[in-house]
Amino acid sequence: MFDTMPQEKDTAVRDERYNAQAIEEKWFARWQQDTSLYSAEPHSTKAKYYVLEMLPYPSGALHMGHVRNYAIGDALARYMWMNGYNVLHPMGWDSFGLPAENAAISAKVPPREWTLRNIANMKAQMKRLGFAYDWSREVTTCFPDYYKWNQWFFLKLYERGLAYRKKSKVNWCPKCATVLANEQVVGGCCWRHEDTLVQQRELEQWFLRITQYADELLRDLDRLPGWPEKVRTMQRNWIGRSEGTLVDFRLNSANGEKITVFTTRVDTIFGATSVQLAPEHPITSKLADADPELRRKVDQLIAEQTRAKETGDIGNIEKHGVNTGHFAINPYNNEKIPVWVANYILMDYGTGAIMSVPAHDERDYEFAKKYGIEIRQVIEPDVARAPSPANSADKSVRATSELPFTTLDGRLINSGPFTGLTCDEAIKKMAAYAEQHGFGKPTVTFRIKDWGISRQRYWGTPIPMVFCEKDGVVPVAEKDLPVILPANIEITLSGGSPLLRVPEFLNTTCPKCGGPARRETDTMDTFVDSSWYFYRYTDARNDRAPFDSKIAQYWFGEKGIDQYIGGVEHAILHLIYSRFWTKFMRDIGLITNDEPVERLFTQGMVIKDGAKMSKSLGNVVAPDEMVARFGADAARMYSLFAAPPDRDLDWQETGIEGIQRFLGRVYRFVARNAHPDDPAWKKPIPSDLSPEARAIQRKLHQTIKRVTDDFQGRWHFNTCIAAVMELMNELYTSADEGVRANRTLIPGSLLADVQCKLVLLLAPFAPYLAHELWEMLGESSNLLKAPWPKFDPELAKEEEIEIPVQVNGKLRGKIVVAPGTSEEEIKQKALADEKVQSHIAGKQIIKVIFTGKLVSIVVR
RNA sequence: GCCGGGAUGGCGGAAUUGGCAGACGCGCUGGACUUAGGAUCCAGUGCCGAAAGGCGUGCAGGUUCAAGUCCUGUUCCCGGCACCA
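Position in the first sequence (from 1) plus 76 gives the number in my numbering.
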């Protein structure tokens, strides 16, 4: 009965060569025709699953980093579909930004045109790669139907006092000709121009009050177990919460003005022997006004500090300062201590003034040594934790002779009424004391600053505000949104925003009085666009609101996006702004979740020859070329196979060839062994299988288990793929002549089962080939939503177990037993083993251990 | 300086709970098929050794019948933060 299908027929009909191009073109064409193929269901009884990859900037073409990112997300989306979830898997474009303007200048193409052209190209690349996106929800942030809502949010922020304007020193990139947020300054340079130093300029800017949420942003990091520890730590550092005490030192000269210092170690205040002011501190300025010599020196310090900030050398410059000749009174003991101005005190951290305790702070020590300022010890380290031979290298505990020591494990000495308290007690009591006596209080400072969003550029969301001579700063009325960005204007990189030269845009009427007014020409930082785009996906065509709350609530649930995937380079900027935006949206009642993302995954970089792929190094691998030479399946699968997804991936061409070879092996096997017209094909698998057939069935179920576990539990796609390769190797090894399964030993029904399940296991990684083979196997259902195979523990069970035997910890032999063999019998068999015997003969057996996995014999 | 991650064959990597180190792939070697092979299939491949055996997860110790995995110390590499008071 196995011969009802003459073998000549299938070999004649089928091309047994794996032609990736032909297969992929066929399915590409089919998938194009069904626009709702990857649509999420609006109403569903299934559990929802929102999987999202970070939206790209349409720079021109995809690079391998994109492919890797999307291959991970796509595999996950497909896996979840197969597991019966209602999957939302959208894609869009972070399409405002400076490169479009640069292109306008260098290539004379309007930013919009350049951007849309790039989008078209990259979208075509994504489709060719077979990524299963719901394009009906595509978001393009440079379109008015999107940025209108940026403006709407801005008005909401403004109404609540969370958007405000202030004159401030800002980071200015001369190449971008615009302001940068603190988050966009990397080592003193622009994040886009790593060779360009950021300058400090004084400008009127719009800020968003992210600091209002600083505490919550920090606290909720502890509620994000699905985020990488690394990212949480980076955000913690960025927020930089620090608990301390404010203490007022009164100047004994002038008019008795207060200098408020911030300290985390108020317990050391009896050791304070000077007060240090930032050069830009208002009191410094006041003192210098009355003292030309001091003014000269302070100006020098300011210049030095500014230069150091610009070059990124702040932190390395030599500490020095100038004595003002004035004194301040320590309110705890009424001691008169000198007031200095020092180049290492920053005006934008704490209060811009510190108390200097040389005995217990490294920098203060260095400074005091240099200028001969008194060093007074006020903490005695804990004797119980004093250095002992065991922990003498412990740097937190130092001998008292080596000042300064900064330990908190100690007690106060020479500290008046506080002498004898532990440091922790003292900090609490002394802060309370300051509060009682009205010269200070406990406080919290943050490193994070409000988010400056003004950009003096054209290609961004216009900030919806106008300036009226009569009414001042007035918001545009909600009904008049969007404020449309004018088209076809001349772009230059100098002379401020290009919008200043567009009178039709610039000149408007005041929404309040109707009189003549001028529009704000600054546009928004593009990180505004990406702070909430993933909510828009849930209801992308809504023209009455940014999105419908109920719909967003369905997809975000209580905890947010189920899985977000992207590069670690967004660990701070995008991911902290998004969290802020979510909290704000919650506070205005749009959503109920506190956080946007439940689980975050940051994939590693794609590198080649030991370096990150970059045009300047000439080691870029173009996805288009890979698709043309090896196929989309091979390119995608290699990016998942070459390394676990969180690690860097070293791109090796021989590696992708190996994947192509594997896909060819799968193709050929199925092409030769798919016999859907065989009457045995659909029959139940008999229970009395031959040992060969049973071995294949066992391997199949073991493989299903491994792929499922590694996919679900660990996201180790490399080992998922390796497991499928092992199954394939097993099938080849047991096949006749290495090509055609021996159908007298392997019944058609099992052959059908193993091949169908193999294809299902492959579907998330190589969708084109999987679809082709699914069809070849006579399956007409949609593979995209075909159920993920289940493994049967009974069928996966080994019929005999090999047990290694160790003698004194060294592997000496192996025994084979049936499952369920008693421990005693296994031990006897192990001891009787010939090889083992040669190592234990004539020796005394101390003990024999059986762990369930191996036998360990100890002899003497 | 602080925080996070890492170091395993010639290479990318595997080993999920302390239990056979090196799965899978690349490369290499040999064989089959072939006019040919850079296609395909089969076999071998950590190092030393003819073999028996010995040695092997950055380094030095320790715990254990048993350590890539746990403990102590240490070196180097990658990423982030940094006069943060």
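All C-beta atoms, glycine included, are put in the ideal place defined by N, C-alpha and C.
Model, not experiment: these values are computed from the prediction.
Practice task
Closer than 7 Å by C-beta to R103: which residues in its own chain qualify, once you throw out the five before and the five after it? Chain order, please.
Solution key: Just to set this straight, residue 103 is Trp in the shown sequence, not Arg. These residues qualify, in order along the chain: Y844, H847 and E848.
Exercise for the section: Run the CB neighbour count on E900, radius 10 Å, all protein chains shown included, and call it buried at 16 or more, exposed below. Expected result: By the neighbour-count criterion, in which a residue is buried when 16 or more other Cβ atoms sit within 10 angstroms of its Cβ, E900 is exposed.
Practice task
Could you tell me the boundaries of the beta strand (DSSP E) in which E280 lies?
Solution key: E280 -> beta strand (DSSP E) spans Q275 to L284.
Exercise for the section: List the endpoints of the continuous beta strand (DSSP E) containing M541. Expected result: Bounds of the beta strand (DSSP E) holding M541 are M541 to C544.
Exercise for the section: Look up C266 in the DSSP assignment and give the residues it is bridged to. Expected result: For C266, the beta-bridge partners assigned by DSSP are V261.
Problem - Neighbourhood of E456 by C-beta distance below 6 Å, restricted to the same chain and skipping five residues each side - result: If we look at E456 and ignore the five residues flanking it on each side, its Cβ neighbours are G486, R487 and I489.
Handout entry: Buried or exposed by the 16-neighbour rule on C-beta atoms within 10 Å, applied to H513
Key = Per the 10 Å Cβ criterion, exposed.
Exercise for the section: Closer than 8 Å by C-beta to T80: which residues in its own chain qualify, once you throw out the five before and the five after it? Chain order, please. Expected result: Note that T80 has pLDDT 32, beneath the 50 cutoff, so the model's placement of it is unreliable and the number below is only indicative. If we look at T80 and ignore the five residues flanking it on each side, its Cβ neighbours are D753, D754 and P755.
Handout entry: Rounded C-alpha distance that separates P538 from F603
Key = Per the coordinates, the alpha-carbon of P538 lies some 14 Å from the alpha-carbon of F603.
Problem - Helix, strand or coil at F515 according to DSSP, with G and I counted as helix - result: Coil, per DSSP.
Handout entry: Rounded straight-line distance, which links the Cα of F515 to that of Y630
Key = Take the alpha-carbon of Y630 and the one of F515: they are about 52 Å apart.
Problem - Unbroken alpha helix (DSSP H) run spanning P843, endpoints - result: That run of the alpha helix (DSSP H) goes P843 to M852.
Handout entry: Status (buried if at least 16 other CB within 10 Å, exposed otherwise) for S112
Key = Result: exposed.
Handout entry: E874 classed as buried or exposed, judged by whether at least 16 other C-beta atoms fall within 10 angstroms
Key = Exposed is the label assigned to E874, since fewer than 16 other Cβ atoms lie within 10 Å of its Cβ.
Practice task
Taking Y653 and V215 to be in contact with their CB atoms under 8 Å, please state how far apart those CB atoms are, rounded to whole angstroms.
Solution key: Contact annotation, Y653 with V215: C-beta distance approximately 17 Å; criterion of less than 8 Å not satisfied.
Practice task
Just the C-alpha distance for W416 and V351, rounded to the nearest angstrom, thanks.
Solution key: One C-alpha to the other measures close to 6 Å.
Exercise for the section: Please classify A105: is it buried, with 16 or more other beta-carbons within 10 angstroms of its beta-carbon, or exposed? Expected result: Counting C-beta atoms within 10 angstroms of its own C-beta, A105 has fewer than 16 neighbours from the protein chains shown and is therefore classed as exposed.
Exercise for the section: Have a look at Q913 and P895 and give me their C-alpha separation to the nearest angstrom. Expected result: Q913 and P895 have their C-alpha atoms spaced approximately 24 Å apart.
Practice task
Pick helix, strand or coil for L484, following the three-state DSSP scheme.
Solution key: Reduced to three states, the DSSP call for L484 is coil.
Practice task
Using 10 angstroms around the beta-carbon of Q109, count the other beta-carbons present and answer buried if the total reaches 16, otherwise exposed.
Solution key: That one is exposed.
Exercise for the section: Check each candidate in E733, N331 and S530 and name the one with the smallest Cα separation from T359. Expected result: At residue 359 the sequence reads Ile, which differs from the Thr that was named. Of E733, N331 and S530, the residue nearest in Cα terms is N331.
Exercise for the section: Please report the residue range of the beta strand (DSSP E) in which A828 lies. Expected result: A828 -> not in any beta strand (DSSP E); alpha helix (DSSP H) instead, spanning G824 to L838.
Problem - According to DSSP, residues forming a beta bridge with V934 - result: Secondary-structure assignment with DSSP links V934 through a beta bridge to K923.
Practice task
Taking only the alpha-carbon atoms, compute the straight-line gap between K505 and D343 and give it to the nearest angstrom.
Solution key: About 9 Å.
Problem - Nearest candidate by alpha-carbon position, reference T427, set I393, H357 and V261 - result: Closest option to T427, judged by alpha-carbon separation, among I393, H357 and V261: H357.
Handout entry: Check whether A710 and R204 have beta carbons under 8 Å apart
Key = Pairing A710 with R204 gives a Cβ-Cβ distance that is not under 8 Å.
Problem - Stretch pair the stretch 653-673 + the stretch 611-630: three plus CB contacts closer than 8 Å - result: Taking a cut-off of 8 Å for Cβ pairs, the stretch 653-673 and the stretch 611-630 touch, as three or more such pairs fall below it.
Handout entry: Exposure label - K306; buried when at least 16 CB within 10 Å
Key = So K306 ends up on the exposed side.
Problem - Segments of 4+ residues assigned as alpha helix (DSSP H) that fall wholly inside the stretch 771-820 - result: Runs of the alpha helix (DSSP H) spanning 4 or more residues and lying entirely within the stretch 771-820 occur at 793-810, in chain order.
Problem - the ligand NAD heavy atom lying under 7 Å from the CB of V742 - result: Judged by which ligands are present, the structure shown has none, so any question about the ligand NAD falls away.
Problem - Classification of P465 by the beta-carbon crowding that lies within 10 angstroms, buried from 16 upward - result: For P465, the pLDDT reaches just 34, beneath the cut-off of 50, and the residue's location in the model is therefore unreliable, leaving the point undetermined.
Problem - Rounded Cβ spacing between N247 and L256 (contact assumed at less than 8 Å) - result: Rounded, the Cβ-Cβ distance is 4 Å, consistent with contact.
Practice task
Compare the Cα-Cα distances from P540 to each of E813, D556, D547 and D526 and report the closest residue.
Solution key: Of the candidates E813, D556, D547 and D526, the one whose C-alpha sits nearest the C-alpha of P540 is D556.
Exercise for the section: Report the residue from M158, D670, V931 and C218 whose alpha carbon sits nearest the alpha carbon of F172. Expected result: Among M158, D670, V931 and C218, the Cα nearest to that of F172 is on C218.
Exercise for the section: Rank V578, R577, R595 and Q679 by C-alpha distance to the C-alpha of T951 and give the top, closest one. Expected result: As shown, the chain starts at 77 and ends at 936. That puts residue 951 outside it, with no answer to give.
Handout entry: the stretch 875-890 in contact with the stretch 817-834 per 3-pair CB rule at 8 Å
Key = The answer is no - the stretch 817-834 does not touch the stretch 875-890, with fewer than three Cβ pairs under 8 Å.
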